[in-house]
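See structure below.
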Amino acid sequence: MNIPAWEAALRRAVVNGDGSTRPINDLSFPHGDPSTPSVNLFVNSDDFRTTWDDFETVSRFFKSLKAPVQLALFEWEKAYRQIPTHPSQWLYLVVQDLEGGLYLDTRITFGGVAGCGSFGRPADAWKDLMFDEFDLIKIFRWVDDNLFLRSPESKTSMTDIVKRSVHLGVLTNEKKCSEFLDEQKFIGFLWNGVERTVLLHEDKLIERIRQIEPFLIEVKLFTFNEVEVITGRLNHVSYLLPQLRCYLKGLYRWISEWKCKFAKRSAPRDVLDDLHRWRHMLRNFKNTRLVNTTTPVDIEWVGDASTSFGIGVKVGKLWLQLELLESWKGPTPCRNIAWLETVAIRIGIIMLLTTGTARKGTNVIVWTDNNTTLATIENRKSRDVHVNMEWMIIQDLLIDNELDITAMRVKSEENIADQLSRGIRGTHRDINRVMFQLPTDLSGLMKHAYKLSAFIKNGSNKITVSPDDLHILSAWSLNTLLGYNCAVKKFMIWKFQSGIEDFRLPMTVLDIERFCLWAGRSFYLVNNHKVNSQTIKKYLSGFKAWHDFHRATYPTVFRDRLKLILKASAKVDTTTIKRQKKPPILLRHLVWLTDSLSMGRPKEQAVSELAIVAFWGMARIGELTYLTGDGPLEREYSLLTTDVESIASDTGGYMLLTLLNAKTSTPGKNQTIRLHKLKNMLCPVEAVSRRLIEAGGFEASLFGYYEHGIRFHLTRAVTVGLIQTTLKKGGFDGLLGHSFRVGGASLRSALGVSDSNICVLGQWVLKCYELYIRRYSPDDLEEAKAIIRMLNELWEEI
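With our numbering as the guide, the letters of the sequence shown map in order to residues 7 to 804.
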């Protein structure tokens, strides 16, 4: 240098909280003077790397927690002032006062690019020592603030940590250190280790709203610094609400366009619009949020739209089709394909919420083959007025439900929603179709392209399914509707074969009699459409429901004559080869399954515990499993962790599992499976408890499991397949899914449980439970009692 280095320092000072004065050394001074380079020009900050536990790092860890934690804060005292500089550097760290006096700063300064790393390296080492010496789960550090996490059972205290830190020579601000609690403030947010939530302090939230207010005055002028400050503060809030980051872009552009930083400027129109959105959301959103994750999750959500038909969306195996009405374009400026593609995103979000498996705090991937849609999702803005209005609705929906989305490109030829959007159903199954009432603003523009092909027809005539019709259809379970649809299709086949292709409800008495004679078995008529008399009785129930749905009066049949027709068919049924009764699962089978699967992979453990619950709860496998193996679930057809209730009692307590749409439940009423505690390895209450722990406290499939962070659900096919494969390995063959319900009922009967209690526990009425009872031989009964004694003794030893 041509002049002494100390003249390169900016001469200023600040007053500390205790009244002392501290010189400030700006090592980037002078700015833009090539003849006098600053100290920072000679320092490479990459040589002084350190860790930064920012919001995303902390939230990612909180998201992964499986159990509650407690939190404590530790703050260094005058952090940077504890780190000395090397004497060889003192020449460059001299400050001159206004009277010509020289001051030497022997500690690192905020004004040096190496400052963060110079403090951070020893601070990281200190953090590692604390973690090694104390019973802790994690330590996060942001400059001089440290967040400690421990389990509620840990004996570690902040008093001990402070004592050890002081012993190591670290000056500690004990007033700002706090003991372990459920909730602590860190990097400007309140974190809750029990609920795994994060929020902005209410005072800060109110303050941010007040700070936005002046910027909404259109004629007011602002300095560069004022705009920079409000942008930084809203950027901080956007960590909590990442959905609103799109409303920061205008502010950043405004900052970048500032030519003279001392000039004042009024806010551009787009910035005013963005700030209005910020104020609206900060006033209305639910402040306490589940910790979100920025890592997007692929749930196989893909959507598409076409003006020739409408919208198609597919999430995993679930799907829907919406057909456009003639009035969908509206007046000028008309809605267009860009708006339709954007609506497809909202429909996909509603699908996630309807099925009840969209976990709060999740960022999910939306696949699209449209570049405009891709850009719109990224920017969440458009020059199209209709698209912008739609995005405001989507943003509100995402924030209200604590979700976020990320767009990714899929090739057009690989877009499996393309056919759906053009009205082609393809191979998609009715059982996987998602139905919900469309939002009011969309119900006049499109409709569900729903085809219970036969049931929703009035005779042979198609009708338009209205939201009211959808509401009525939802009273029946999906399986029941599919059964009714089969009955109607069978009736239509008979009608068409009879030469009648055009008809309306109601049926006639003669229709019903002739159909029963045609469909039932007979010694005098043979065709390929014969079914047994029990199936015909189910068909008749379907016909009654068909009439109810279409407001048609079901005919008053001659019941005695109809009974004779069915009785005659039943006699013919007895001459056919009867299917062998389902064999029961015995205790030896259940023990083999538990031993073989309980120590296996997550899926095998889930199947093991489902088998225990199915046996003691006398449940159908189909009631405990799910329609799809991954992705969103239909809430009304799925047993979730929130459907479990633990009840204490004098006998040790029991659990209730609530089934929302059980096969034999009364419409509008739920069924419950009651599970009692046992003192052995086959305890169903313990099995359910393990499932709840595995789910990590989230609302999820009760009989599901995580692999690589993704939730999978046990389907009936997968469960029965694994059970049968495992049983075959043990030499047990011929056992079916229903064998658990049969096995649980048969064991209770063999052990002397009363018929009335078996009916209550198995949700049976009248004497239909007798169909599930298989009589134990004396040897089987003795073996069962011996196994119970052995299991109880082993449990006591443990």
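Yeah, the Cβ is synthetic: ideal placement off N, Cα and C, and Gly gets one too.
Just so we're clear, the structure is a prediction, and the values are computed from it rather than from any experiment.
- Between F461 and M513 the beta-carbon gap is near 14 Å, outside 8 Å, which marks them as no contact.
- Minimum Cα-Cα distance from L688 among the listed residues L720, A617, D424 and K133 corresponds to A617.
- P337 and E396 have their C-alpha atoms some 16 Å from each other.
- Closest in alpha carbon position to P638, among L720, R567, N241 and E420, is L720.
- Taking a 10 Å sphere around the C-beta of V759, we find fewer than 16 other C-beta atoms and assign the residue as exposed.
- Taking all protein chains shown into account, V393 has 16 or more neighbouring C-beta atoms within 10 Å of its C-beta and is therefore buried.
- Here K133 carries a helix assignment [DSSP, helix/strand/coil].
- Contact fails between the stretch 78-85 and the stretch 714-733, because fewer than three Cβ pairs, one in each stretch, are under 8 Å apart.
- Considering only L728, T725, D601 and K791, the residue with the shortest C-alpha distance to R754 is K791.
- With a cut-off of 8 Å on Cβ pairs, the stretch 256-265 is not in contact with the stretch 286-301, counting fewer than three such pairs.
- Sequence-distant Cβ neighbours of I343 in its own chain, meaning closer than 7 Å and more than five residues away, are A311 and T313.
- A direct Cα-Cα distance of roughly 10 Å separates S644 from T664.
- Close CB contacts of G354 within its chain, under the 7 Å cut and outside five residues either way in sequence, are with W307, G309, V319, V321 and V372 (chain order).
- Assignment of beta-bridge partners to R386 by DSSP yields no partner.
- Distances from the CA of L684 to each of T678, G635, N676 and A693 were compared; the closest alpha carbon is that of A693.
- Contact annotation: the stretch 535-544 touches the stretch 575-583, with at least three C-beta pairs closer than 8 Å.
- For secondary structure counted as the beta strand (DSSP E) over 3 or more consecutive residues, the stretch 663-720 holds these complete runs in sequence order: 677-682, 710-713 and 716-719.
- Contact check for E189 against N198 passes: the beta carbons are separated by less than 8 Å.
- Of the candidates G194, H173, I167 and I193, I167 places its Cα closest to the Cα of C183.
- When E139, L403 and E651 are compared, the shortest CA-CA separation from M287 is found for L403.
- Annotation: S472 to L331 spans about 13 Å, alpha carbon to alpha carbon.
- Assignment of G199 by DSSP, reduced to helix, strand and coil, places it in the coil class.
- By the neighbour-count criterion, in which a residue is buried when 16 or more other Cβ atoms sit within 10 angstroms of its Cβ, V172 is exposed.
- Closest in alpha carbon position to F137, among E384, S34 and L153, is L153.
- DSSP, read as helix, strand or coil, puts F564 in coil.
- Comparing C-alpha distances from G628 to each of F529, V726 and A654 shows the shortest one belongs to V726.
- Per DSSP, the beta-bridge partners of G309 are V319.
- Close CB contacts of D130 within its chain, under the 8 Å cut and outside five residues either way in sequence, are with T56, T57 and R147 (chain order).
- Shown here, S652 sits in a strand according to DSSP, grouped into three states.
- Taking C-beta atoms as the reference points, T361 and L324 count as a pair closer than 8 Å.
- Between Q76 and L196 a beta carbon distance of about 14 Å is seen, past the 8 Å cut, so the two are scored as non-contacting.
- Around the beta carbon of G175, fewer than 16 other beta carbons sit within 10 angstroms, so the residue counts as exposed.
- For V748, there is no enclosing beta strand (DSSP E); the enclosing alpha helix (DSSP H) covers residues S745 to A756.
- If you draw a straight line from the Cα of I591 to the Cα of Y782, it comes to about 12 Å.
- V391 and Y258 have their C-alpha atoms spaced approximately 23 Å apart.
- S752 is classed as buried because its beta carbon has at least 16 other beta carbons within 10 Å across all chains shown.
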